[in-house]
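Engineer:
There are 4 protein chains.
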Amino acid sequence: MPEERRGPVVIERAPGRPRSEDARLAVLHAVDDLLLEVGYAAMTMKGIAERAGVGRQTVYRWWPTKAHILIEACAADARGELAVTPSTEPARTVTDFLDALSRFLTDSPAGAAYRALLGEAQHDPAVRDLMAQEDLLAAPARVVLDSLRTQLAMVPLDDEMAVAELCGPLVLAALSGRRLKTDALAAHLVHAWA
Amino acid sequence: MPEERRGPVVIERAPGRPRSEDARLAVLHAVDDLLLEVGYAAMTMKGIAERAGVGRQTVYRWWPTKAHILIEACAADARGELAVTPSTEPARTVTDFLDALSRFLTDSPAGAAYRALLGEAQHDPAVRDLMAQEDLLAAPARVVLDSLRTQLAMVPLDDEMAVAELCGPLVLAALSGRRLKTDALAAHLVHAWA
Amino acid sequence: MPEERRGPVVIERAPGRPRSEDARLAVLHAVDDLLLEVGYAAMTMKGIAERAGVGRQTVYRWWPTKAHILIEACAADARGELAVTPSTEPARTVTDFLDALSRFLTDSPAGAAYRALLGEAQHDPAVRDLMAQEDLLAAPARVVLDSLRTQLAMVPLDDEMAVAELCGPLVLAALSGRRLKTDALAAHLVHAWA
Amino acid sequence: MPEERRGPVVIERAPGRPRSEDARLAVLHAVDDLLLEVGYAAMTMKGIAERAGVGRQTVYRWWPTKAHILIEACAADARGELAVTPSTEPARTVTDFLDALSRFLTDSPAGAAYRALLGEAQHDPAVRDLMAQEDLLAAPARVVLDSLRTQLAMVPLDDEMAVAELCGPLVLAALSGRRLKTDALAAHLVHAWA
DNA sequence: GCTTAAGCGAGACGGTACGTCTGGTCTTACT
DNA sequence: AGTAAGACCAGACGTACCGTCTCGCTTAAGC
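Residue numbers (this note's numbering), protein chains in the order written: chain A, -18 to 175; chain B, -18 to 175; chain C, -18 to 175; chain D, -18 to 175.
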């Protein structure tokens, strides 16, 4: 093949100065900070750039929207906070997950971002699509469900419905500024599905 | 003395020209229209005032925020769309309500406003309080629950939890741009609670 | 003629409640006060009405413009401050007048109002007409001129020109925020005219 | 070392995009036009920006006030219109200047702006300072005076007083909407000063 | 002594300019 | 070609004042 003339493994690389990973990280950290300090609504692209010590254009080069930055800044945190190790006791597995979910939604900065993004998604289709393809709740929820299915004789139940039943009540409560008792909720769910 | 005929009720009336109900209604209608035409995000106080043929100050005199106008513009619609007459069959009552809720959240303009407001509440405490005190979902949901309680031997269940379990799954699905099969969901709920 | 049936001198009087002189005076005093406290520019019709404890409409009923109120509020003061009693010494008469004029323009509240009105007249023809017909400087200046003419053999000199030569230098200086030595100026004028 | 070739003059240059001279000129031209079309009073910052096809912020970046724009827009015109070349005949020099001044004050757009600014200066100290430091009348007037002093044995006369005597009468007349016969005025002045 | 009519204080009305802010783009010099 | 900086146009923000209008009340004159 003529490829070998090129020499060994040439990394394809754009001409010009490469994008600065430093700038990208500075932005993500600035967003993290600002989310805590001023909240989602008061966060502006201008403010983010200034806080990060970065040009405004640079922010726009990497992310088209405030929402896109946030989703990237929070996805990792969210996955961490929602990961549960299945217990041998099905009800326990569910309770653990619901506890983690409740803390995430109510207390965690990442959860605050998630709630804000859920709101933003209601009037910005681009955010809605982004949230759908990066569904932060569904993935960890499915881990719980799979664990249950190996231990329980469960009623037929498609994943979408199950995720909604599992996460919906806590999400609605959190959005309304309330908390729920997770053990009672877990009991109901296991009872309904068994 | 004949004074006693008047009774103690003196209607207190502010001095000066009274507020114009016409102007108030014009704004509410303008908001209704704009919600359909341009959506929540693109709706501005300036645009509302212009569309209503009303001074900007007049809008601010009645409502402090876009959210406050919307909540007033939609509350009545919401109550109408979510009212269900309890059936003799408990599962049927639940399904009817879930159907209404699903249509409200997904198809109705009032529902779109509700979703937008839920988002707004996440970064504006004033809106959150307003939503909490005017809870559009809880009231109709409680009608369903009360009906169930007269027909079924239900597990102990506080209202807050019940409302969350009843509405939460559909709300989460709607916020994520999905729909659920309401009959399956109804079956699970009745099963869990009976 | 049948007119005599009406009887002698019938004061024509409009039906309804007569205008309140109290309100009128309250406005004039409010204007006086506000001119000192906040100055001409920061004085608004709304502020005047509130300060006078009077309805906004009442102000507009008596005067069409802020300028009209001011001219009425200051004309009397101005006439008083600019009145000079001719001396037997022509140069003295002129100096006395110029001193009064200088104090009026630079130190007196009425003078500040006059300067402001002179400015307003530049972009409001109504004010210009008002100022022309109520010329506050010309009348006292003419007293000085008439006195001079009886004592001196003066060059032919129409009043308009004389008033301009007499008052113009001080006015220009005052508008520019400067003062002039009035005795030197008086000497020049007497020299020029004799 | 070869550094000395560069010389010590380092042009200090702000970072970022430089201010656009195009925008600045567009504003000045818009102000010129608007002054003729709608006059000083009806000219608004908003209107200027729109007419210039320029952002509102850009206008505020260059000038803090409508008055500042106008003074810059008119200063050049004023200097041109008031420049006189001294004649060999002193009275002629004065008459020429007074003619130019009269035309400027009464007929020229720049003069209209000057009159408006003189008014504005009466209630805005910032404008007063600006007018004082950019005194449009004094500079050309001094040219006339200097010429006279070389040709005539003049009475002792400080510049401030001379400028006031020279320009004051015409200014007062113009502010009151009148004109004066400049030749008579010139005769008086020369007579007074010689 | 009732009616009529205008004036009164108060304050809401539709407009519109204010000066500030952010959004998203563009133009610099530097790396 | 990417970067920090910052100016660019556009337009919404909430406030202030404009001059007008609508309230309920008061004050006169005329019937």
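The C-beta atom is built at its ideal place from N, Cα and C for all residues, glycine as well.
Predicted model only: the values in this text are computed from it and were never measured.
#1: Is the stretch 121 to 134 of chain C touching the stretch 57 to 68 of chain C, taking contact as three or more C-beta pairs under 8 angstroms?
#2: By Cβ distance, which residues of its chain are closer than 6 angstroms to residue 80/C, with the 5 residues on each side in sequence left out?
#3: Note down the Cα distance separating residue 147/D from residue 170/D, rounded to an integer number of angstroms.
#4: Near residue 105/D, which residues of its chain fall below 8 angstroms by C-beta distance, leaving aside the five closest residues on each side in sequence?
#5: If you reduce the DSSP assignment to three classes, tell me which class residue 53/A lands in.
#6: Cα separation between residue 140/A and residue 30/A?
#7: Please classify residue 36/D: is it buried, with 16 or more other beta-carbons within 10 angstroms of its beta-carbon, or exposed?
#8: For the alpha helix (DSSP H) containing residue 76/B, list its first residue and its last residue.
#9: Mind reading off the beta-carbon distance from residue 103/B to residue 92/A? Whole number of angstroms is fine, and I expect it under 8 angstroms.
#10: Assign residue 162/A to one of three DSSP states: helix, strand, or coil.
#11: Cβ of residue 91/C less than 9 angstroms from any chain D Cβ?
#12: Got a sec? Which residues, its chain only, sit under 8 angstroms from residue 96/C by beta carbon, not counting five neighbours each side?
#13: With 7 angstroms as the limit, tell me which residues of the stretch 23 to 45 of chain A have their beta carbon closer than that to any beta carbon of chain B; keep them in chain order.
#14: For residue 82/B, tell me which candidate among 54/B, 117/B and 51/B has the shortest Cα-Cα distance.
#15: Do you know offhand how far residue 25/B's Cα is from residue 158/A's?
#16: Which term fits residue 41/A, buried or exposed, when burial requires 16 or more other beta carbons within 10 angstroms of its beta carbon?
#17: Determine the closest residue to residue 108/D out of 16/D, 50/D, 144/D and 160/D, with distance taken between C-alpha atoms.
#18: What first and last residue would you give for the alpha helix (DSSP H) that runs through residue 0/D?
#19: When you compare each of 77/D, 13/D and 76/D to residue 183/D by their alpha carbons, which one comes out closest?
#20: Compare the Cα-Cα distances from residue -3/B to each of 115/C, 73/C, 38/C and 88/C and report the closest residue.
#21: If you measure from the beta carbon of residue 162/B to each beta carbon in chain A, is any gap under 9 angstroms?
#22: If you follow the alpha helix (DSSP H) that residue 36/D is in, where does it begin and where does it stop?
#23: Is residue 148/D close to chain C? Criterion is C-beta to C-beta, closer than 9 angstroms.
#24: Here's a check: name, in chain order, each residue in its chain whose Cβ is nearer than 8 angstroms to the Cβ of residue 75/A, leaving out the five neighbours to either side.
#25: Near residue 149/D, what residues of its chain come up, given a Cβ to Cβ distance below 8 angstroms and the 5 sequence neighbours on each side ignored?
#26: Thinking just about the alpha-carbon of each residue, which of 77/A, 153/A and 72/A is nearest to the one in residue 132/A?
#27: Could one say the Cβ of residue 116/C lies closer than 9 angstroms to chain D's Cβ atoms, at least one of them?
#28: I want to verify the contact list: residues of chain A whose CB lies under 7 angstroms from the CB of residue 179/B, in sequence order.
#29: For a cutoff of 9 angstroms on Cβ pairs, would you count residue 20/A as touching chain B?
#30: With distances taken between CB atoms, is the gap from residue 52/A to residue 98/A smaller than 9 angstroms?
#31: Is there at least one Cβ from chain B nearer than 9 angstroms to residue 140/A's Cβ?
#32: Give the secondary structure of residue 43/D by DSSP, where H, G and I count as helix, E and B as strand, and everything else as coil.
#33: Apart from the five residues on each side of it in sequence, which residues of its chain come closer than 7 angstroms, Cβ to Cβ, to residue 7/A?
#34: Between the stretch 52 to 66 of chain C and chain D, which residues of the former have a C-beta closer than 9 angstroms to a C-beta of the latter?
#35: Could you work out which residues of chain B lie near residue 48/A, taking near to mean beta carbons separated by less than 9 angstroms?
Structural biologist: The relevant details are as follows:
#1: Result yes; three or more Cβ-Cβ pairs closer than 8 angstroms.
#2: Reading the third sequence from its first residue, position 99 is the one you call residue 80/C. Hits under 6 angstroms: 163.
#3: On the fourth sequence, position 166 is the one that residue 147/D refers to. On the fourth sequence, position 189 is the one that residue 170/D refers to. The alpha-carbon atoms of residue 147/D and residue 170/D are separated by roughly 7 angstroms.
#4: Here residue 105/D refers to the residue found at position 124 of the fourth sequence. Sequence-distant partners of residue 105/D (beyond 5 residues in either direction) whose C-beta falls short of 8 angstroms from its own C-beta, in its chain, are 46 and 48.
#5: Walking along the first sequence from the start, residue 53/A turns up at place 72. Helix, per DSSP.
#6: For the purposes of this step, residue 140/A is taken as the residue at position 159 of the first sequence. For the purposes of this step, residue 30/A is taken as the residue at position 49 of the first sequence. Answer to the nearest angstrom: the Cα atoms are 40 angstroms apart.
#7: By one-based count along the fourth sequence, residue 36/D stands at place 55. Around the Cβ of residue 36/D, a 10 Å sphere holds fewer than 16 other Cβ atoms; the residue is exposed.
#8: Walking along the second sequence from the start, residue 76/B turns up at place 95. Taken as a continuous stretch (DSSP letters only), the alpha helix (DSSP H) holding residue 76/B covers 71 to 87.
#9: Here residue 103/B corresponds to residue number 122 of the second sequence, with the count starting at 1. Here residue 92/A corresponds to residue number 111 of the first sequence, with the count starting at 1. Contact flag wrong, Cβ pair sits at about 10 angstroms.
#10: In the first sequence, residue 162/A corresponds to position 181, counting from 1. In the structure shown, residue 162/A adopts coil according to DSSP, grouped into three states.
#11: Stepping through the third sequence from its first residue, residue 91/C is reached at position 110. No, its Cβ sits nowhere closer than 9 angstroms to a Cβ of chain D.
#12: Indexing the third sequence from 1 puts residue 96/C at position 115. Within its own chain, the residues whose Cβ lies closer than 8 angstroms to the Cβ of residue 96/C, once the five positions on either side in sequence are excluded, are 86, 155 and 156, listed in chain order.
#13: So nothing in the stretch comes that close.
#14: Against the second sequence, residue 82/B aligns to sequence position 101. Here the closest residue by C-alpha is 117/B.
#15: As a working note, residue 25/B is residue 44 in the second sequence. As a working note, residue 158/A is residue 177 in the first sequence. Taking the straight line joining both Cα atoms gives about 26 angstroms.
#16: Within the first sequence, the letter at position 60 stands for residue 41/A. That one is exposed.
#17: On the fourth sequence, position 127 is the one that residue 108/D refers to. Comparing Cα-Cα distances from residue 108/D to each of 16/D, 50/D, 144/D and 160/D, the minimum goes to 50/D.
#18: Taking the fourth sequence and counting its residues from 1, one reaches residue 0/D at position 19. Residue 0/D -> no alpha helix (DSSP H), and no H or E assigned at all.
#19: The requested residue 183/D does not occur in the structure, where chain D is confined to residues -18 to 175.
#20: If you number the second sequence from 1, residue -3/B lands on position 16. Residue 38/C is the option with its Cα nearest to residue -3/B.
#21: Translated into positions along the second sequence, residue 162/B becomes position 181. Yes, contact with chain A.
#22: Within the fourth sequence, residue 36/D is the residue found at index 55, counting from 1. If you look at residue 36/D, you'll find it isn't in any alpha helix (DSSP H); DSSP assigns it neither H nor E.
#23: Here residue 148/D refers to the residue found at position 167 when the fourth sequence is read from its first residue. Taking Cβ atoms only, chain C reaches closer than 9 angstroms to residue 148/D, which makes this a yes.
#24: Residue 75/A sits at position 94 when you count from the first residue of the first sequence. Closer than 8 angstroms at Cβ, skipping near neighbours: 125, 129, 147, 167, 170 and 171.
#25: In the fourth sequence, the residue the question calls residue 149/D occupies position 168. Same-chain partners within the cutoff: there are none.
#26: Within the first sequence, residue 132/A is the residue found at index 151, counting from 1. The alpha carbon of residue 132/A has as its nearest neighbour, out of 77/A, 153/A and 72/A, the alpha carbon of 72/A.
#27: As a working mapping, residue 116/C is identified with position 135 in the third sequence. By this cut-off, residue 116/C is an interface position.
#28: One cannot answer for residue 179/B here, as it falls past the ends of chain B, which runs -18 to 175.
#29: By 1-based counting over the first sequence, the position of residue 20/A is 39. Among the CB atoms of chain B, one or more fall inside 9 angstroms of the CB of residue 20/A.
#30: Counting from one through the first sequence, the residue named residue 52/A turns up at place 71. Counting from one through the first sequence, the residue named residue 98/A turns up at place 117. It is a contact, given that the beta carbons lie within the stated cut-off.
#31: Counting from 1 along the first sequence, the entry for residue 140/A is found at position 159. So, not an interface residue.
#32: Mapped onto the fourth sequence, residue 43/D falls at position 62. DSSP, read as helix, strand or coil, puts residue 43/D in helix.
#33: On the first sequence, position 26 is the one that residue 7/A refers to. Within the same chain, residue 7/A has close Cβ partners 33, 34 and 35.
#34: Of all residues in the stretch 52 to 66 of chain C, none has a Cβ within less than 9 angstroms of some Cβ in chain D.
#35: If you number the first sequence from 1, residue 48/A lands on position 67. Residues of chain B with a Cβ closer than 9 angstroms to the Cβ of residue 48/A do not exist; the shortest Cβ-Cβ separation is about 11 angstroms.
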